[in-house]
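Undergrad:
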Amino acid sequence: MPELPEVETIRRGLKESLVGHKILSVEVRAPKLFIGDSERLVGQTVLEIERRAKIMVWKLSKQFLLIHLKMTGQLIFIPKEGKHYIVGGHPDKNYSLDLPHKHSHVIIEFDHGTLYYNDLRKFGWIKVIDSEEEIKPHVEKFGPEYDWPEFTLEYFKKALNRRPKTTIKQALLDQTIIAGLGNIYSDEVLFLAKVLPDRKIASLSDKEITEIYKNIPKVLNLSLKHGGTSAKDYRKSDGSMGTYLVVANVYGRAKQPCKVCGTPIESKKIAARTSAYCPKCQN
Ligand SMILES: [Zn+2]
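Per the working numbering, the sequence shown starts with residue 1, numbered consecutively.
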């Protein structure tokens with residue numbers, strides 16, 4: 001599932017490639033995941049591509065386009081000239097087929113290339129809206145982003161302390177506390193903060209909460225530097241995960257030795273999600 005660093009990485013890539021370019025045609029092959037009138041997009045220019053939590057917000061010359069990749073969404077832009085593909089979202093070996101393939105549900109043609117929206121499970125969506133006002137219902141429930149000035153230690157402590165019986169893992173996944181943190185990065189944050197994922201908030205010391213808070217930007221910025229976990233090079237993407245997982249400490253490493261102490265990494269389900277942790281480094 002694409003998390004904040006993956007969505008941010010694809011956003012940056014698409015912004016660079018698409019801003020200033022005109023939409024020539026839109027083909028919707030799976031109407032279920034496209035909300036709005038695709039015909040009206042034709043002729044509009046991409047003015048800006050922003051992000052709120054995991055939703056991409058495209059500003060067009062007349063309307064707005066919201067894109068949520070959800071579990072298995074992927075975006076690939078193939079330029080007419082050159083080999084510089086822009087790809088992001090969920091990596092899957094089914095996506096290495098020639099485009100468009102059976103999982104390509106929306107195809108947007110630009111003057112300089114083609115954007116494919118692929119989605120194995122079709123949980124993602126694309127929505128056309130007329131005004132900035134209509135973005136609100138989609139984003140108002142989200143808490144601050146990790147790099148916003150509102151995301152202070154004081155805010156974080158208060159937000160956690162309102163949920164004393166919740167596990168810290170569950171709280172980090174709660175998008176109303178902090179937007180964009182998902183399973184991979186929550187596990188990594190808790191490893192670096194030396195806190196077990198199933199600890200109840202009420203049991204956490206001030207120092208532990210501070211450590212968790214400090215490690216959130218550290219982990220997300222490191223992943224952004226690595227381009228998230230998405231495969232960057234489409235031709236090489238055989239479903240294998242991209243470069244962040246090479247530096248990940250616990251996520252996807254169950255039964256493998258902890259990089260710090262050598263103890264096998266353990267995993268268990270917390271709030272319906274698999275959490276990976278070191279039973280020795282984390283308390
Ligand atoms: Zn360890």
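Note that beta-carbon positions come from the ideal geometry of N, C-alpha and C, so glycine has one too.
Please tell me whether Val246 has its Cβ less than 7 Å away from any Cβ of chain B.
TA: Judged by its chain identifiers, the structure shown contains no chain B, having just a single protein chain.
Undergrad: My output table needs one value for Met123: the three-state DSSP class, helix, strand or coil.
TA: Along the sequence shown, read from residue 1 onward, the residue named residue 123 stands at position 123. The sequence given here has Phe at residue 123, not Met. Of the three classes helix, strand and coil, the one that applies to Phe123 here is coil, per DSSP.
Undergrad: If you draw a straight line from the C-alpha of Pro2 to the C-alpha of Ile178, how long is it?
TA: Along the sequence shown, one-based indexing puts residue 2 at 2. Along the sequence shown, one-based indexing puts residue 178 at 178. Spanning the two alpha carbons is a distance of roughly 16 Å.
Undergrad: Where are the beta strand (DSSP E) runs, 3 residues long or more, that stay fully inside the segment 117-163, in chain order?
TA: The qualifying runs are 125-129.
Undergrad: Return yes when the C-beta of Thr263 is under 6 Å from any heavy atom of ligand 1, and no when it is not.
TA: Within the sequence shown, residue 263 is the residue found at index 263, counting from 1. Answer for Thr263: yes, Cβ within range of ligand 1.
Undergrad: In chain order, what residues of the same chain have a beta carbon less than 8 Å from the beta carbon of Thr263, not counting five sequence neighbours either side?
TA: As a working note, residue 263 is residue 263 in the sequence shown. Taken in chain order, the residues that qualify are Pro257, Cys278, Pro279, Lys280 and Cys281.
Undergrad: Assign Val246 to buried or exposed, taking buried as 16 or more other Cβ atoms, counted over all protein chains shown, within 10 Å of its Cβ.
TA: For the purposes of this step, residue 246 is taken as the residue at position 246 of the sequence shown. Exposed: under 16 other Cβ atoms inside 10 Å.
Undergrad: Give me the Cα-Cα distance between Ile129 and Asp206, rounded to the nearest whole angstrom.
TA: Here residue 129 refers to the residue found at position 129 of the sequence shown. Here residue 206 refers to the residue found at position 206 of the sequence shown. Cα to Cα, Ile129 sits roughly 44 Å from Asp206.
Undergrad: My output table needs one value for Arg273: the three-state DSSP class, helix, strand or coil.
TA: Counting from one through the sequence shown, the residue named residue 273 turns up at place 273. Three-state result, Arg273: strand.
Undergrad: Check each candidate in Lys214, Lys127 and Lys165 and name the one with the smallest Cα separation from Glu154.
TA: What you label residue 154 is simply residue 154 of the sequence shown in a count that begins at 1. For Glu154, the nearest C-alpha among the options comes from Lys214.
Undergrad: With DSSP run on the structure shown, which of helix, strand or coil describes Pro279?
TA: In the sequence shown, the residue the question calls residue 279 occupies position 279. Coil, per DSSP.
Undergrad: Which residue comes first and which comes last in the beta strand (DSSP E) that contains Ser104?
TA: Numbered from its first residue, the sequence shown carries residue 104 at position 104. Segment Ser104 to Phe110, the beta strand (DSSP E) holding Ser104.
Undergrad: Can you tell me where the beta strand (DSSP E) with Gly13 in it begins and where it stops?
TA: Start at 1 with the first residue of the sequence shown, and residue 13 comes out as number 13. First-last for Gly13: Leu4 to Leu18, but that is the alpha helix (DSSP H), not the beta strand (DSSP E).
Undergrad: How far does the alpha helix (DSSP H) with Glu208 in it extend, from its first residue to its last?
TA: Your numbering for residue 208 matches position 208 in the sequence shown. That run of the alpha helix (DSSP H) goes Asp206 to Lys225.
Undergrad: Quick one: residues in its chain with C-beta nearer than 8 Å to the C-beta of Thr9, no 5 flanking neighbours on either side, listed in chain order?
TA: For this step, residue 9 is matched to residue 9 along the sequence shown. Excluding sequence neighbours, Thr9 sits near Gly88, Leu224, Gly227, Gly228 and Ser230.
Undergrad: Go ahead and label His105 buried or exposed: buried means 16 or more other beta carbons lie within 10 angstroms of its beta carbon, across all protein chains shown.
TA: Against the sequence shown, residue 105 aligns to sequence position 105. Per the 10 Å Cβ criterion, buried.
Undergrad: From Arg162 to Leu196, what distance separates their C-alpha atoms?
TA: Position 162 of the sequence shown, counting from 1, holds the residue named residue 162. Position 196 of the sequence shown, counting from 1, holds the residue named residue 196. The straight-line gap from Cα to Cα measures roughly 20 Å.
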